[in-house]
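In the numbering used here, the protein residues as written are 30 to 210.
Backbone N, C-alpha and C fix where the C-beta goes; we use that ideal spot for every residue, glycine too.
A short worksheet on the structure shown next.
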């Protein structure tokens with residue numbers, strides 16, 4: 030079982046889920062699985078509304094949200110905020126490390142399907158979500174080498190543009206196997 034499941038609240042995304050559909054889907058989740066709302070440049074008030082209504086448990090920000098935006102969102106809700114950072118250089122790690130967000134997500138860039146230079150992660154000194162190009166084939170190596178707080182996957186478990194039960198199960202099994210070593 031996953032620890033988190035993401036609902037994409039970006040209308041232009043092929044993965045878009047309406048708030049009503051997300052509320053319905055959240056009701057079907059096994060207790061303990063956290064619903065994460067994924068946003069790009071939404072208003073803090075809109076995000077806080079979904080958090081405070083219990084439609085989602087956490088917010089993941091993938092747009093141009095700055096530190097003032099993050100702090101404003103944190104003023105509006107007591108729910109955790111994850112800020113995604115595109116990692117290309119050591120300076121990107123430094124910026125992510127200083128974020129006011131409750132959690133950070135280190136990524137190669139939305140939907141690229143490629144990993145970033147994992148050697149850059151050695152300079153991070155806080156728990157982080159690892160994303161970007163992860164798949165059942167490479168996630169054991171990523172978890173073993175980097176020891177992230179959590180991993181985040183989207184296209185790495187898709188087939189023909191849809192989530193694949195087989196790939197999801199393989200991804201989860203690969204992580205659980207690595208965690209048990």
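Practice prompt. Return the chain-ordered list of same chain residues with a C-beta closer than 6 Å to the C-beta of residue 150, the five sequence neighbours on each side being excluded.
Written response: 175
Discussion item. Check whether the segment 66–86 and the segment 101–115 are in contact - that is, three or more C-beta pairs closer than 8 Å.
Written reply: yes
Practice prompt. Drop a sphere of 10 angstroms on the beta-carbon of residue 41, count the other beta-carbons inside from all chains shown, and report buried for 16 or more, exposed for fewer.
Written response: exposed
Worksheet item: What whole-angstrom Cβ distance do residue 59 and residue 46 have, given they're in contact under 8 Å?
Response: In fact, because the Cβ distance is near 18 Å, the residues do not count as touching under 8 Å.
Worksheet item: Which value, in whole angstroms, describes the spacing of the CA atoms of residue 121 and residue 130?
Response: 15 Å
Worksheet item: Among residues of its own chain, excluding the 5 on either side of residue 124, which ones have a beta-carbon nearer than 8 Å to its beta-carbon?
Response: 114
Fill in: Rounded separation between residue 93 and residue 135 - CA only
15 Å
Fill in: Exposure of residue 159, with buried meaning 16 or more beta-carbon neighbours within 10 Å
buried
Item to complete: Report the three-state DSSP secondary structure of residue 58 (helix, strand or coil).
Response: coil
Worksheet item: If you follow the beta strand (DSSP E) that residue 110 is part of, which residue opens it and which one closes it?
Response: 110–115
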